[in-house]
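K.L.:
My questions will all concern the structure given below.
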Amino acid sequence: GNITSSTKNVCKKYTYYFLVFCSLAEQNHKSSNGTVEQVKPKGTKGTKATKKSQSLAPIYCFTTLLPSCLHSQLSLVSLPNLTKLWSMGIISEVLLNQLCSFSIKVLEEKHLPSNNTHLPVSIVCKTLSYFPDPSAFSTLTASLLDYIMGSKKPEHTNQYLAEICSQASRSPLVGEIISEVTNVDMAKLPAAGLKNISSFLEILAEKAPQSVYQHFSVLCPLLDSSAHQVRSALVVAMSQLVGYAHKCIKAIESGTNKDTECEMEEEEDSSVPRQDNIPQMARFRDALLDLLAERAHDVSPYTRSAVLKAWCSMLEAGSVPVRRVGASADVAADRLQDKNALVRKSAASLLTASLEHNPFAGSLEMAAFEAQKESCLKLLEMRKQEISKAKPAAEDEESQATDESVSEDKVVVDLNAKIAFCDSALQLLHAVNNSLSRICEMLRSDTMGDVIESLRFLSKAIRFNIS
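Using my numbering, read the sequence shown as starting at 41 and increasing by one per residue.
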């Protein structure tokens, strides 16, 4: 029924008092935990007063009380009629920011056991849905950015922040955070701030790849950042996105997207891949692979090494399309000539991974693939002649229709796929053969990493019958 204005005011007052109590309890716990207050008792004239230590003893256990407070806050933000307490159905931004800031403080200070960390994350995600418009996120975005860059435990804090972005992927806040991170002047940040931002980008791409996919155009300028740590982190994030796109394409093609990260929650959600935008996801994946190939020539050896390691992780995960496996070997063969030992070691590891995780065969003999390609080319030519004879081309329009029928013929499509398969395998083998002389030179190197990785590569080459 209708709620009277006095009832609304009472409910809002109790809500405010409850949040103030939670904040004061947290501050009291933070100030009294493990600290000692020095007290000077009054002494008589002419005598020296002695110092006594007295520990601050709270009247309640905050650690025990905190889960109950968070459960109450979560119940509060989950109320279906909560917006009716405010005029126009718009909750006060002060209250919303207070709810978010308290939960973030709890996560930052690690007051909660691991089995209750979902409570503050859920509170923040629920609260985000009540913000009236994107401009209302300015205060929260600024606090979260300070939370990212100022944390002394980036892996711990960024884990929870990435979880929030994952659960609230449709909220404008995610785009605001990514935009603010992109606008930060990396040249003025200390090493700790760069480490925190790099960690955030990597964990965000791992935990919330869909959010990064939606806002990748905003993140892309960071590839030209002055800080190699940020460039390397974005390279790792791009490899995660390649895996995400590959999983989405495979899931949609097999019709099992309900069991994957690409689950379609609503039909109108354009950010979720559907059957009709598989080509878009494939183009996005190929564009990322092209960028990763270009980044192998980065000015920083740390970023070049990160690129090669990213290619290794994608090969191990099976995220690289078959037709691009040979290209990964070309990247590795090129970087074997690098002056930096760390890059050479990563390049040899990538070349080894391209053999170990190849999708072609257990025995990589070049003559076999050349013969298979030649056979497919002959069959393809014969099939095209059969189609041309079955549908003679008398006019230009009929000729165009005949070309379309040839390209859409199932046998032609299968033969073209087999030829592309053989081309990629031959590209891999040519890259390996061209690298053998450089690998032999690395065996005589004074750098231990060069020798070890060269031996690993040669053992794999012998196993796959590389002659």
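No residue lacks a Cβ here, since even glycine has one placed at the ideal position from N, Cα and C.
In its own chain, which residues sit with a C-beta less than 7 Å from the C-beta of residue 226, not counting the 5 before and 5 after it?
P.N.:
The residues are 234, 265, 266, 267, 270.
K.L.:
Please state the DSSP three-state secondary structure of residue 525.
P.N.:
One cannot answer for residue 525 here, as it falls past the ends of the chain, which runs 41 to 507.
K.L.:
Excluding the five sequence neighbours on either side, which residues of its own chain have a C-beta within less than 8 Å of the C-beta of residue 322, listed in chain order?
P.N.:
Answer for residue 322: 285, 289, listed in chain order.
K.L.:
Over what stretch of residues does the alpha helix (DSSP H) that includes residue 370 continue unbroken?
P.N.:
362-375 is the extent of the alpha helix (DSSP H) around residue 370.
K.L.:
Please report the straight-line C-alpha distance between residue 44 and residue 50, rounded to a whole angstrom.
P.N.:
Residue 44 and residue 50: Cα-Cα distance of roughly 10 Å.
K.L.:
Could you tell me the boundaries of the alpha helix (DSSP H) in which residue 351 lies?
P.N.:
Its alpha helix (DSSP H) spans residues 341-357.
K.L.:
Excluding sequence positions up to five away, which residues of its chain have a Cβ less than 7 Å from the Cβ of residue 505?
P.N.:
Contacts found: 403, 404, 405.
K.L.:
Would you decide whether residue 76 is buried or exposed? Buried here means 16 or more other CB atoms lie within 10 Å of its CB.
P.N.:
Since pLDDT at residue 76 reaches only 36, below the 50 mark, its modelled position is unreliable, and the value read off the structure follows with that caveat. Under this definition residue 76 is an exposed residue.
K.L.:
Count the other CB atoms within 10 Å of the CB of residue 119; is the residue buried (16 or more) or exposed (fewer)?
P.N.:
Burial call: exposed.
K.L.:
Apart from the five residues just before and just after residue 393, which ones in its own chain have a Cβ nearer than 7 Å to its Cβ?
P.N.:
Taken in chain order, the residues that qualify are 352, 355, 356.
K.L.:
Can you look up residue 487 in the DSSP assignment and give me helix, strand or coil?
P.N.:
DSSP places residue 487 in coil when its eight states are reduced to three.
K.L.:
If you run the structure through DSSP and keep just helix, strand and coil, what is residue 470?
P.N.:
It is helical.
K.L.:
Quick one: residues in its chain with C-beta nearer than 7 Å to the C-beta of residue 261, no 5 flanking neighbours on either side, listed in chain order?
P.N.:
If we look at residue 261 and ignore the five residues flanking it on each side, its Cβ neighbours are 222.
K.L.:
Please determine, among 341, 388, 382, 166, the residue with the shortest C-alpha to C-alpha distance to residue 115.
P.N.:
When only C-alpha atoms are compared, the closest one is 166.
K.L.:
Within a Cβ cutoff of 6 Å, which residues of the same chain sit near residue 478, ignoring the five residues on either side of it in sequence?
P.N.:
Taken in chain order, the residues that qualify are 376.
K.L.:
When we look at the beta-carbon of residue 200 and count the other beta-carbons within 10 Å, is it buried (16 or more) or exposed?
P.N.:
Answer is buried; the Cβ neighbour count reaches 16.
K.L.:
With a Cβ-Cβ cutoff of 8 Å, do residue 10 and residue 333 count as a contact?
P.N.:
Residue 10 is absent from the model: the chain starts at 41 and stops at 507.
K.L.:
In whole angstroms, give me the CA-to-CA distance for residue 468 and residue 497.
P.N.:
Cα to Cα, the separation comes out at about 14 Å.
K.L.:
On the DSSP letters alone, give me the boundaries of the alpha helix (DSSP H) that residue 261 sits inside.
P.N.:
It is not in any alpha helix (DSSP H) - residue 261 carries neither H nor E in the DSSP assignment.
K.L.:
So, at 8 Å on beta carbons, what are the nonlocal neighbours of residue 463 in its own chain, with the 5 sequence-adjacent residues on each side left out?
P.N.:
Answer for residue 463: 363, 366, 413, listed in chain order.
K.L.:
Using only CA atoms, which one of 139, 164, 107, 282 lies nearest to residue 60?
P.N.:
Checking every option, the nearest Cα to that of residue 60 belongs to 139.
K.L.:
Quick check on the burial criterion: 16 or more other C-beta atoms within 10 angstroms. Buried or exposed for residue 247?
P.N.:
Per the 10 Å Cβ criterion, buried.
K.L.:
Quick check on the burial criterion: 16 or more other C-beta atoms within 10 angstroms. Buried or exposed for residue 134?
P.N.:
It counts as exposed.
K.L.:
Under 8 Å between the Cβ atoms of residue 368 and residue 283?
P.N.:
Contact: no.
K.L.:
Helix, strand or coil for residue 267? Go by DSSP, reduced to three states.
P.N.:
Here residue 267 sits in coil by DSSP.
K.L.:
For the putative contact between residue 214 and residue 238, defined by C-beta atoms under 8 Å, what is the C-beta separation to the nearest angstrom?
P.N.:
18 Å between Cβ atoms; not a contact.
K.L.:
Would DSSP call residue 212 helix, strand or coil?
P.N.:
If DSSP states are grouped into helix, strand and coil, residue 212 belongs with the helices.
K.L.:
For residue 220, name the three-state secondary structure that DSSP assigns.
P.N.:
The answer is helix: DSSP assigns residue 220 an H, G or I state.
K.L.:
In its own chain, which residues sit with a C-beta less than 8 Å from the C-beta of residue 130, not counting the 5 before and 5 after it?
P.N.:
123, 172.
K.L.:
Is it the case that the Cβ atoms of residue 181 and residue 147 are separated by a distance below 8 Å?
P.N.:
The answer is no: Cβ separation not under 8 Å.
K.L.:
Starting from residue 169 and walking both ways along the alpha helix (DSSP H), at which residues does that stretch end?
P.N.:
Neither: residue 169 is in no alpha helix (DSSP H) and is coded neither H nor E.
K.L.:
Tell me where the alpha helix (DSSP H) around residue 378 begins and ends.
P.N.:
Careful: residue 378 lies outside any alpha helix (DSSP H) and carries neither H nor E.
K.L.:
Could you compute how far the alpha carbon of residue 434 sits from the alpha carbon of residue 428?
P.N.:
Any reading at residue 434 must be qualified, since the residue scores a pLDDT of 46, below 50, and its modelled position is unreliable; the value itself is stated next. If I take the Cα positions, the gap works out to 11 Å.
K.L.:
Does DSSP put residue 132 in a helix, in a strand, or in coil?
P.N.:
Coil at residue 132, not helix or strand.
K.L.:
Short check: CB of residue 372 to CB of residue 487, under 8 Å?
P.N.:
No, the Cβ-Cβ distance between residue 372 and residue 487 is not below 8 Å.
K.L.:
Between residue 206 and the rest of its own chain, which residues show a CB-CB distance below 6 Å, the 5 nearest in sequence each way excluded?
P.N.:
Cβ neighbours of residue 206 beyond the five flanking positions: 247, 248.
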